[in-house]
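**Q** Just add 1113 to wherever you are in the sequence shown, counting from 1, and you've got the working numbering.
Virtual Cβ for every residue (Gly too), placed ideally from N, Cα, C.
Just so we're clear, the structure is a prediction, and the values are computed from it rather than from any experiment.
Got a structure here, written out as structure tokens. Questions coming.
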Amino acid sequence: DSRVPEIRKHLKKKLDAYRYEHTLGVEFTCQALAMRYGYDLDKADLAGLLHDSAKRFEDPVMLQKCLDRNIPVTAEEERDPSLLHAKLGAWMAEHKYEVDDPEILSAITCHTTGKPGMSLLDKILYVADYIEPRRSKAANLTAMRKLAFIDLDEACLEIMESILAYLKSTGCQIDPMTEAACEDMRRVVS
Ligand code: DGI
Ligand code: FE
Ligand code: FE
Ligand code: FE
């Protein structure tokens, strides 16, 4: 897509150095997974590039921006507004970066919690976000990176289970969407 260099330049100014490097890692990993699973490379590219563009805002600012733009905010998101960077990111992709492809907007919207009935691009972005080369803190990354290129559904499920276990261990509030996404993926894989 011809807009990619321009969007990269803009994001480099707006995001901190770590987040920008992560963004490039997710962008390239989305494309690698798109090659493996036969998905449109340009669409995978844009989804990865724009997925965290709303990470430039602090939580209270993010919450206010969502309210101002009539983006529906759940009770869970009000408690933990950082979850909103996914929905606000999709809004920005549409209104600021002029992306109108519903598959790209869906993938950005659900990249943090997942959702039941995820599409191929939803899964590609969800998995790429976790396995991208710069990511180092997540559990069992080596195995997950390999699995991602063997079976995308199984990789998705493993990542969801691992995030749920982590959230439970820290006593974090769990968004019902995160639970629903994982339950649905258990059905898909079994
Ligand atoms: O934005 P990134 O850091 O690249 O990744 P992300 O958008 O997937 O966000 C990951 C974080 O979101 C991770 O620390 C776990 C957290 N998360 C995922 N589901 C839930 C959640 N946090 C809460 N409180 N509740 C959830 O259901
Ligand atoms: Fe994110
Ligand atoms: Fe994620
Ligand atoms: Fe991310």
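1. Have a look at L1190 and Y1243 and give me their C-alpha separation to the nearest angstrom.
2. Any contact of the region 1177-1186 with the region 1153-1166, i.e. 3+ C-beta pairs under 8 Å?
3. So, using beta-carbon positions, are E1271 and V1139 closer together than 8 Å?
4. Suppose contacts are defined by Cβ-Cβ distances below 8 Å. Is T1136 in contact with D1165 by that definition?
5. Using the C-alpha atoms, what's the distance from D1297 back to D1214?
6. Consult DSSP for S1249 and reduce its assignment to one of helix, strand or coil.
7. Does the count of Cβ pairs from the region 1210-1227 and the region 1280-1293 closer than 8 Å reach three?
8. From the DSSP output, in three-state form, read off S1303 for me.
9. By DSSP, does D1264 sit in helix, in strand, or in coil?
10. Using CA atoms only, rank isn't needed, just tell me which of A1203, C1269, A1256, I1263 is closest to G1230.
11. Compute the Euclidean distance between the alpha carbons of I1236 and F1262, then round it to the nearest angstrom.
12. What does the alpha-carbon distance come out to for the pair T1142 and A1241?
13. For V1139, does the three-state DSSP call read helix, strand or coil?
14. Does at least one heavy atom of ligand 2 sit under 7 Å from the Cβ of D1165?
15. Helix or strand or just coil, what does DSSP make of E1119?
16. Would you decide whether L1154 is buried or exposed? Buried here means 16 or more other CB atoms lie within 10 Å of its CB.
17. Mind pulling the beta strand (DSSP E) runs of 3 or more residues that sit fully within the region 1191-1233?
18. Mind checking which residues open and close the alpha helix (DSSP H) that includes L1128?
19. Going by DSSP in three states, G1161 sits in which element: helix, strand or coil?
**A** Short version:
1. Note that residue 1190 is Glu in the sequence shown, not Leu. Distance between the alpha carbons of E1190 and Y1243 is about 21 Å.
2. no
3. no
4. yes
5. 25 Å
6. coil
7. yes
8. coil
9. coil
10. C1269
11. Residue 1236 is actually Lys in this sequence, not Ile. Looking at the two C-alpha atoms, the distance is approximately 12 Å.
12. 5 Å
13. helix
14. yes
15. helix
16. exposed
17. none
18. L1128 -> no alpha helix (DSSP H), and no H or E assigned at all.
19. helix
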